Amino acid sequence: MIAPLYKLGYFGFDTSLIFAFIIGLLFGYILESSGFGNSRKLAYQFYLKDMAVLKVMFTAIVVAMVGLLYLNWAEILDISLVYVPPTILNGQILGGVLMGLGFVIGGFCPGTSLVASAIGKLDGMFYVGGALFGMWIFGEIYPFVQNFINGHPMGRVTLPEWLGWRPGVVAFLVILMAWGLFKVAELIEKKFGEIIEGETPME
Amino acid sequence: MKKPQSKPYWNPYFAGLMLGLLLLMTFFIMGRGLGASGGEMRLVTYILSLVSPEHAQANPYFAKYLKGGSPLKAWLVFEILGVLFGGFLSGYIHGRLGFKTDHGPRISNKGRWLLAFLGGMTMGIGARIARGCTSGQGLTGGATLSLGSWIFLWVMFIAAYAFAYFLRKQWI
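Just so you know, the sequences run in chain order E and L. Quick note on numbering that gives the first Met the number 0: the first sequence kicks off at 0 and runs consecutively. Quick note on numbering that gives the first Met the number 0: the second sequence kicks off at 0 and runs consecutively.
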């Protein structure tokens, strides 16, 4: 096992910040190139007109998931050292509902709003301002809500562990599910599609 | 469909492949995934610690980010700085820079700005409650097959579809 490089001590914290910047740069470049600096394109996902959000997300999840399992199997990367977001049911369910609502009201998620702001989108900048304001509010009310939102903690638990199935089986089902979703997305676009393929002139 | 005035966006499957490879590379190098809202939370904490250091220290949530030096010397802060630069670079290369507001035909720019702010606020609160946003929970948790992240992902998608009807005048 030679990876994860940082966790195995190949370089220190200060160097990791350089990687953070480079990785962020590529992340921002890919999001903007996908058209995710355009709130209409993002919102169209939820009006069945442009399914790019679903296609990009699930393709990325499948590619990284398969890559992780392969690198672990080939004894290159120790998957047990990779950070898995912990499962805390109350927070993830309530947060998910609010974020679904915030997505259709605001037209972005936090990462895409940064990219939109970077290319001059004014709605992106208002969104970033709102997100920072919302995070401040959250911090202020945290002492009153912490018991609820930290409720039902299950720690670092993966789908294969929870189901008691082998990771490869779960990965295969995720690929199958993604393939099915892509097929449905293509059908929906054929019927209702109004795909935004680039920046359009102002209305 | 209107003719695009800029270079076209990438094919979504190609974009997903690139994003997946980047995510995998991040796991390989760092042992962690991508994020966005965590970096913003640190910026909020930093600003608050300038305005009222005592207040920030007295709050358990902000205090957590103030332990061990500046809240800005963090991996996610440098990552979102990169996101801003990368987004700008792509906008520059593809001819998409310019001050503009995107919205449907039935809402004014000002109305869109108000909703963008309110939506950002809702997302900001939600992302802290869920401990991560579409990047931290969706991509990173999705690829590592975290149980909670997969629950989160479906709840968020279903909620967005459920609320979409009430926001239709902004978009279509």
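Idealized CB from N, CA, C, for every residue including glycine. Note that the coordinates shown come from a computational prediction; the quantities given were computed from them, not determined experimentally.
Residue i, DSSP secondary structure in three states
i        : result
E:MET153 : strand
L:LYS168 : helix
E:ILE118 : coil
E:LEU76  : strand
L:SER145 : strand
L:LYS63  : helix
L:ILE106 : coil
L:LYS6   : coil
L:MET17  : helix
E:THR14  : helix
E:THR199 : coil
E:ILE87  : strand
E:LEU131 : helix
L:PRO70  : coil
E:VAL81  : coil
L:ASN58  : coil
E:GLY138 : helix
E:GLY110 : helix
E:GLY34  : coil
L:GLY30  : coil
E:TYR28  : helix
E:LEU70  : helix
L:GLY137 : helix
E:GLY99  : helix
Minimum Cβ-Cβ distance from residue i to chain L less than 8 Å
i        : result
E:GLU185 : no
E:THR14  : no
E:ARG39  : yes
E:TRP161 : yes
E:ALA73  : no
E:LYS54  : yes
E:TRP135 : yes
Residue-chain proximity (residue i, chain E), Cβ-Cβ < 8 Å
i        : result
L:TYR12  : yes
L:PRO59  : yes
L:LYS66  : no
L:VAL50  : no
L:GLU53  : no
L:SER69  : no
L:GLY147 : yes
L:GLY110 : no
L:GLN56  : no
L:TYR8   : yes
L:LYS99  : yes
L:TYR160 : yes
L:SER107 : no
Residue interval of the alpha helix (DSSP H) (run including residue i)
i        : result
E:MET50  : Taken as a continuous stretch (DSSP letters only), E:MET50 belongs to no alpha helix (DSSP H), as it is neither H nor E.
L:LEU83  : 74–92
L:TYR45  : 36–50
E:TYR43  : 38–43
E:PRO159 : 158–162
E:GLU193 : Per DSSP, E:GLU193 belongs to no alpha helix (DSSP H) and is neither H nor E.
Beta-ladder partner(s) of residue i, from DSSP
i       : result
E:ALA2  : E:LEU76
L:LYS99 : E:LYS120
Inter-stretch contact (C-beta, 8 Å, three-pair minimum) for the region 54–69 of chain L and the region 97–109 of chain L: The region 54–69 of chain L, when compared against the region 97–109 of chain L, does not touch it at the 8 Å Cβ threshold.
Cβ pair count under 8 Å reaching 3, the region 118–138 of chain L against the region 32–49 of chain L: With three or more CB-CB distances shorter than 8 Å, the region 118–138 of chain L counts as touching the region 32–49 of chain L.
Cβ contact check for the region 53–62 of chain E and the region 105–121 of chain L: 3 or more pairs under 8 Å: Fewer than three pairs of CB atoms, one per stretch, sit closer than 8 Å, so the region 53–62 of chain E makes no contact with the region 105–121 of chain L.
Three-pair Cβ contact test at 8 Å for the region 80–90 of chain E versus the region 23–33 of chain L: Yes, the region 80–90 of chain E is in contact with the region 23–33 of chain L.
Stretch pair the region 13–22 of chain L + the region 100–120 of chain E: three plus CB contacts closer than 8 Å: No: the two stretches stay apart, fewer than three of their Cβ pairs being nearer than 8 Å.
Stretch pair the region 169–179 of chain E + the region 35–48 of chain E: three plus CB contacts closer than 8 Å: Not touching, per the Cβ criterion.
Meets three-Cβ-pair contact criterion under 8 Å: the region 93–104 of chain E and the region 150–164 of chain L: Cβ pair count under 8 Å is three or more, so yes.
Segment contact, 8 Å Cβ cut-off, at least three pairs: the region 131–149 of chain E with the region 83–95 of chain E: Short answer: they touch.
Segment contact flag, the region 70–79 of chain L with the region 12–23 of chain E, C-beta cutoff 8 Å, min 3 pairs: Taking a cut-off of 8 Å on C-beta distances, the region 70–79 of chain L touches the region 12–23 of chain E, as three or more cross pairs fall below it.
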